[in-house]
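According to this note's numbering, the sequence shown holds residues 1 to 194 in order.
One structure below.
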Amino acid sequence: MINFKEDKDLMPLNHSCAHVMAQAVKHLYPNAKFWVGPVVEEGFYYDIDLGDKVIKEEDIAAIEREMKKLAKDGKRIIREEISKSEALERFKDDPYKIDLISRMDENTTVISCYTQGDFTDLCRGPHVETVKELKYFKLIKFSGAYWKGDSKNKMLQRIYGVCFKTEEELNAHLNELAEAAERDHRKIGKNLEI
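Structural data, given as structure tokens:
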């Protein structure tokens, strides 16, 4: 299996796709707040506060449709470095971003934002040049995740996805995931009534 985090081509592609997913979520759920959206070995995810809303399968399909519209739009992804005070002002209505910014030492940390169209998020990057490069993606699963991994904190919605340069690469990866799921020992044991 591919390690998206270590692949020099897939890492920025998936990082950018995470932002497009967040932008799509923001379009569909205007009150959404975002914690983090990193690239991980299996692709990317974003942790999202949707208030009392819990993501369902049909929501994933709607988010993917909105992502496709955004990718077709072809907006450039623009990086901007800002001061800690500018960051605190820009994200003053988002407690998750304020928490992140408040813990940053601006003497040792470059605070940067990435913007595409009507969406801006705090991020180190790197990203691709335009959202037009993000055509071949799939949101593959979703779950709950406690803010900062602490069960005493609020449960956020975590949406996972993958993005590739070509449709063939995406389909090959999705086939690998399906085959791996078929070989899952829990499923095999259940089918054998073990």
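Ideal Cβ positions, reconstructed from N, Cα and C, are used throughout, including at glycine.
Check	Outcome
Straight-line Cα distance separating residue 114 from residue 88	15 Å
C-alpha distance - residue 4 paired with residue 25, whole-angstrom precision	23 Å
Closest residue to residue 32 among 38, 50, 82, 154 (Cα-Cα distance)	50
Residue 75 beta carbon less than 8 Å from that of residue 131	yes
Length of the line joining the Cα atoms of residue 16 and residue 67	12 Å
Stretch-stretch touch, CB-based, cutoff 8 Å, three pairs: the segment 103–113 with the segment 40–56	no
CB contact flag (residue 63, residue 128, <8 Å)	no
Buried versus exposed, by CB contacts within 10 Å (16 or more), residue 54	exposed
Cβ neighbour criterion (16 or more within 10 Å) applied to residue 110	exposed
Assumed close pair residue 173, residue 2 - CB separation to whole angstroms, cut-off 8 Å	7 Å
Collapsed DSSP secondary structure at residue 10 in the structure displayed	helix
Span separating the alpha-carbon of residue 94 from that of residue 182	41 Å
Residue range of the beta strand (DSSP E) that includes residue 158	155–164
Identity of the residue in 164, 139, 178, 171 nearest residue 58 by Cα	139
Endpoints, the beta strand (DSSP E) within which residue 145 is located	136–146
Distance, residue 9 Cα to residue 168 Cα	16 Å
Close Cβ partners of residue 7 (< 7 Å) along its chain, the five nearest in sequence each way excluded	none
Span of the beta strand (DSSP E) around residue 114	112–116
Residue 155 versus 144, 161, 165, residue with shortest Cα-Cα distance	144
Between the CA atoms of residue 101 and residue 134 - distance to the nearest angstrom	28 Å
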